[in-house]
Amino acid sequence: MEFKRNILVTGGAGFIGSHVVRLFVKKYPDCRIVNLDKLTYAGNLSNLRDVECCPNYVFVKADICDYGRMQEVFREYGIDGVIHLAAESHVDRSIRDPFTFARTNVLGTLSLLQAAKEAWEGAFEGKLFYHISTDEVYGALEFDGTLFTEETRYSPHSPYSASKAGSDHFVRAFHDTYGLPTLVTNCSNNYGPYQFPEKLIPLFINNIRHNKPLPVYGKGENVRDWLYVEDHARAIDLVFHRGKAGETYNIGGFNEWKNIDLIRVLVKTVDRLLGRPVGASEHLITYVADRAGHDLRYAIDSRKLQRELGWEPSLQFEEGIEKTVRWYLDNQAWLDEVTSGDYQKYYEKMYGNR
Ligand code: NAD
Ligand code: DAU
């Protein structure tokens, strides 16, 4: 079958990547979506059960750091667009193991960029290398109402954000030096279905359900800006199709929450949906040692994306949280599979021992 476009999505078995792959496979049946993922602990092919049999979906198990393999993938599938999400994504892990973050996030991105440049050399027209980044590269804000804009100077503090900043710089350097058509978006904290339960929201929903302590770092006063993952996926679709190469767009829903306030909403929502008395699980809140270098506040100004490309988040936070809590409570089997490690057998079941 001849496809109109061949789009490589890296990290498509992860949290945000799986939402992007699902959206693209369903919305663009005339395009081939090649999901390339190493299937680290964070990659879970069962996130994509509903699209894995679609004729325009292909899965490739590979490491983005393997440059030779990236060259092959560009050739084999005639890739003409890249949406690059593959990364190590958890700040706490980066504090324990910064090398893995530098390798995957910096060297892996470089290997993909080089493969794209080589494959598209002399024919950059109509091609796009779109890199998904984070608001954490901008550093931390005070409680003064300021927001990160696309012009905010980079000031990463954690090994995770330093590695993402490094990858962003390489992406822009390939644009400025070689003319490779690249784009970067920097997004705030995502939440929703299929997020690995090491991150605040799914971890806490699961713990509340099982009456386990909720470890709040420091005083719980740090602020994060939350966006429903499907709204991020829609923004990615829009930027991929209408964004201008060489540009940066911030993505966020103007939705700042102090951690402790958000945690109280989670406790109330889970208790209510499980039919427990109001406040029954409040006692699970446990203040623990702060995260090293814990950034105080993130808040994104996404007006450029709204103004230039007409993007708007579709869900109010209350609605998004309700949907999210319901999803995790209704999908205990998914959580059990992930917490037990059984999900890692899914690949062999689907693709054999390759
Ligand atoms: P995730 O950890 O859920 O998924 C990452 C995926 O990348 C996994 O499927 C994993 O197997 C894959 N991967 C890791 N190393 C790889 C390698 N060497 N080769 C190929 N695949 C590899 O992450 P996520 O939360 O979905 O984040 C996706 C991207 O979005 C990341 O680049 C992250 O920095 C960025 N981002 C995340 C958020 C957020 O709130 N989660 C916000 C802004 C930006
Ligand atoms: O801002 C975008 C970033 O958001 C993404 O780039 C990252 O990939 C993503 O993991 C996320 O980073 P955070 O560190 O903000 O997310 P996390 O869910 O780990 O933590 C959210 C807040 O909750 C943060 O202030 C730390 C706090 N926290 C987290 C955990 C896991 C706790 O208090 N206790 C916890 O157990």
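Taking full-length UniProt numbering, the leading residue of the sequence shown gets 1, the next gets one more, and so forth.
Glycine included, every Cβ here is placed at the ideal spot set by N, Cα and C.
Does residue i come within less than 9 Å of chain B when only Cβ atoms are used?
i      : result
Tyr328 : No chain B is present in this structure, which holds just one protein chain.
Which residues in the same chain as residue i place their Cβ atom closer than 8 Å to its Cβ, once the five residues preceding and following it in sequence are excluded?
i      : result
Asn190 : Phe15, Ile16, Trp226, Leu227, Tyr228, Val229, His232
Asp271 : Ile208, Pro277, Val278, Gly279, Ala280, Ser281
Asp50  : Arg22
Gly179 : Phe124
His294 : Tyr217, Gly218, Asn222
Could you check whether residue j and residue i sit closer than 9 Å to each other, using their CB atoms as the reference points?
i           : j      : result
Ser281      : Arg224 : no
Phe196      : Tyr41  : yes
Ile7        : Arg32  : yes
residue 383 : Leu23  : For the chain, the structure presents residues 1 to 354; residue 383 sits outside this window and is missing.
Ala13       : Gly43  : yes
Thr248      : Asn206 : no
Val25       : Ile236 : no
Residues in its own chain within less than 6 Å of residue i by CB, not counting five upstream and five downstream?
i      : result
Val91  : Ser158, Tyr160
Leu128 : Gly81, Pro181
How far does the alpha helix (DSSP H) with residue i in it extend, from its first residue to its last?
i      : result
Asp301 : From DSSP, Asp301 is part of no alpha helix (DSSP H); its letter is neither H nor E.
Glu230 : 229-242
Arg326 : 317-330
Cβ-heavy atom distance between residue i and the ligand DAU below 8 Å?
i      : result
Asp225 : yes
Asp135 : yes
Asp92  : yes
Is residue i near the ligand NAD, going by C-beta to nearest heavy atom under 8 Å?
i           : result
Phe15       : yes
Leu36       : yes
residue 359 : Nothing can be reported for residue 359, as the shown portion of the chain is limited to 1 through 354.
Given residue i, which residues of its chain have a CB within under 7 Å of its CB, disregarding the five upstream and five downstream residues?
i      : result
Ile263 : Phe204, Leu214, Val216, Gly220, Ile285
Ala289 : none
Glu256 : Val223, Asp225, Ala299
Looking at the unbroken beta strand (DSSP E) that takes in residue i, where does it start and where does it end?
i      : result
Leu214 : 214-217
Glu256 : 256-258
Thr40  : No beta strand (DSSP E) holds Thr40; DSSP gives it neither H nor E.
Thr146 : Note, Thr146: premise wrong, no beta strand (DSSP E); not H, not E.
Asn189 : 189-191
- [ ] Assess, as a yes-or-no matter, whether the segment 162-175 is touched by the segment 135-151 under the definition of 3 or more beta carbon pairs within less than 8 Å.
- [x] Contact holds between the segment 135-151 and the segment 162-175, because three or more Cβ pairs, one in each stretch, are under 8 Å apart.
Task: Any 3 or more C-beta pairs closer than 8 Å across the segment 66-81 and the segment 108-128 - done: Cβ pair count under 8 Å is three or more, so yes.
Open item on the list: With three or more beta-carbon pairs closer than 8 Å as the criterion, would you say the segment 262-277 touches the segment 322-332?
Closed with: The answer is yes - the segment 322-332 touches the segment 262-277, with three or more Cβ pairs under 8 Å.
TODO: Count the C-beta pairs between the segment 52-59 and the segment 98-109 that are closer than 8 Å, then say yes if the count reaches three, no if not.
DONE: Segment contact: the segment 52-59 against the segment 98-109, fewer than three CB-CB distances shorter than 8 Å; contact not assigned.
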